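In the working numbering, each residue's number is its place in the sequence shown (first place is 1) plus 674. The beta carbon of each residue, even a glycine, is placed where N, CA and C say it ideally should be. Predicted model, so just to flag it, every value in this text is computed and none were measured. Beneath this line is the structure, given in structure tokens, with notes to follow.
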Amino acid sequence: MKFNFDEIIDRNGTDAVKWDGMKEVWGRTDLIPLWVADMDFATAPFIMDAVRKRCENPVLGYTCKSDSYYNAIIRWVKSRYGLDVTKEMINYVPGIVPGIGMAMNAFTEKGDKVMIQPPVYHPFAWLTERNERTLVTCPLRWEGEMYRMDMAAFRERIKGCKLFILCNPHNPGGVVWQEEELQEVARICHDEGVLVFSDEIHADLTLPPYRHRPFAMISEEARMNSVTFMSPSKAFNMPGLSASHAIIPNPELRARFRKFMDACELDLGHAFAFLAVEAAYSNGTEWLEQCLAYIQGNVDYMDEYLKANAPKIKVVRPQASYLVWLDCREMGMTQEDLNRFFVEKARLALNDGAMFGKEGEGFMRFNAGCPRSVIERAMKQLVEAYQQL
Ligand SMILES: Cc1ncc(COP(=O)(O)O)c(C=O)c1O
């Protein structure tokens, strides 16, 4: 491999949530941090070069979004997904969670119903509740090895909602949705007059042979009835740069969103945001291919090791991203005991499955975006703890 994903980088003392934040959450620092969704690999080198180059000029003044920034996004989504986007459709947002929160405020009112599909990325529920909207859930259906959408329940539960938040691909389950599921979602939401937010932050991390399908490409109806959130932040490991975008093909929706953003100048951005996006999308193909192969290797290792040594902990193989959903239901523990087992016995800091909704009980989320030697150490600690049960 040209790029070194084996390198151990000490992130302690960098105010990294994943590392320095362990003390606040667990009151200890001796755990292997495998929770917060960033990777322990070096941020892609061409991004670091672009940031360094910018720092050669000593004035960190107000920064505009250049045509080359927009063009890099346009070229990337076209070449990777075949998605046609124009500059006008691209709206900078300082992160996808803030972007969803802003768009929720732009397109819905207090009390409006917002539907999500748990177990799902937990800020979808927080954003809905903290913005005083009404949360409606339509749980995913577990089908032995992977989640699928429950379309009959979807058709019922979506009635009366104003907004549906789709996680595409899905976190924490790692699902790349089937074309038919997305078509059905597009059809139902169009017929019911429900706007769709498609969070596609994990899209670039789709693992071969799976292929990401942007929701906006499902049909003309889907394109005109959706806001797609994308960012190079997960795939190129730069979430600390708060650089994301909301793609809005429908001019009326766009005008409404812009009006909201402009009222408080929420899309100002910062001196490193746009150049980092441009660097990622202009140079990223080879790095990303190697990174995905490395992640796949980590998942293979975990899967084989646990199958051989801790068969009651099952790896739900992600079709996208480095987040591995561990099915621990056969261990027969309460969620509280499961959490305690991972921290006190295995000395691993994972995400509690129940934080993604009560449907996540019996599961834990493991972040495999780290050097293989860390995965090996984590698996060893886990199996030692398991064998003592
Ligand atoms: C589905 C999903 N959306 C959004 C985010 C976070 O996005 P941001 O850091 O841009 O707010 C994450 C991070 O894990 C995620 O998994």
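In the displayed model, aspartate 758 falls within coil according to three-state DSSP, outside both helix and strand. For serine 1047, the uninterrupted alpha helix (DSSP H) run begins and ends at 1046-1061, by DSSP. One thing to note: lysine 697 has its Cβ no nearer than 8 Å to the Cβ of tryptophan 709. A contact between stretches requires three or more CB pairs, one per stretch, nearer than 8 Å, and the region 826-839 meets this requirement with the region 809-817.
8 Å or more divides the Cβ of phenylalanine 720 from the Cβ of asparagine 911. When secondary structure is reduced to three states using DSSP, histidine 844 falls in the coil class, being assigned neither helix nor strand. In this chain, the beta strand (DSSP E) harbouring alanine 920 covers 918-921. Between asparagine 845 and leucine 997, the CB-CB gap stays under 8 Å.
At a Cβ-Cβ threshold of 8 Å, leucine 1022 and glutamine 1055 count as neighbours. The region 968-978 and the region 853-867 do not touch, with fewer than 3 CB-CB distances between them shorter than 8 Å. With at least 16 other beta carbons inside 10 angstroms of its own, serine 995 counts as buried. Around the beta carbon of arginine 804, fewer than 16 other beta carbons sit within 10 angstroms, so the residue counts as exposed.
Using a 10 angstroms sphere on the CB of alanine 920, the tally of other CB atoms reaches 16 or more, which defines it as buried. Here the region 915-931 makes no contact with the region 1001-1011; the two share fewer than three CB pairs at distances below 8 Å.
Out of Val951, Leu1024, Ile790 and Ile1049, the CA that lies nearest to the CA of asparagine 745 is found in Val951. Annotation: the continuous beta strand (DSSP E) that includes tyrosine 766 extends over 764-767. Taken atom to atom, the span from the alpha-carbon of alanine 1042 to that of alanine 909 is near 13 Å.
Sequence-distant Cβ neighbours of aspartate 1026 in its own chain, meaning closer than 6 Å and more than five residues away, are Asn1013. Between ligand 1 and asparagine 845, a heavy atom-to-CB distance of less than 7 Å is present.
Going by DSSP, valine 1017 is part of no alpha helix (DSSP H) at all; its letter is neither H nor E. For the options Glu926, Ala780, Arg861 and Arg932, the alpha carbon positioned closest to that of methionine 891 is the one of Arg861. Looking at the backbone, the Cα of cysteine 1044 and that of aspartate 680 are separated by about 8 Å. Nearest to glutamine 791 by alpha-carbon distance, out of Met1038, Arg930 and Asp873, is Asp873. Burial is judged here by how many other beta carbons sit within 10 angstroms of a residue's own beta carbon; arginine 1039 has at least 16 and is buried. Rounded to the nearest whole angstrom, the C-alpha separation of methionine 675 and alanine 982 is 28 Å. In the structure shown, arginine 1039 falls within a strand segment according to DSSP collapsed to helix, strand and coil. Assigned with DSSP and collapsed to three states, tryptophan 800 falls in helix.
By the C-beta density criterion, proline 793 is buried, having at least 16 other C-beta atoms within 10 angstroms. In this structure, methionine 823 sits away from leucine 940, with a CB-CB distance that is not shorter than 8 Å. It is roughly 17 Å from the alpha-carbon of lysine 727 to the alpha-carbon of alanine 716. Rounded to the nearest whole angstrom, the C-alpha separation of glycine 695 and phenylalanine 798 is 22 Å. Pairing cysteine 841 with valine 725, the inter-Cα distance amounts to about 30 Å. The Cβ atoms of lysine 836 and threonine 782 sit closer than 8 Å to each other.
For tryptophan 816, DSSP records a beta bridge to Tyr821.
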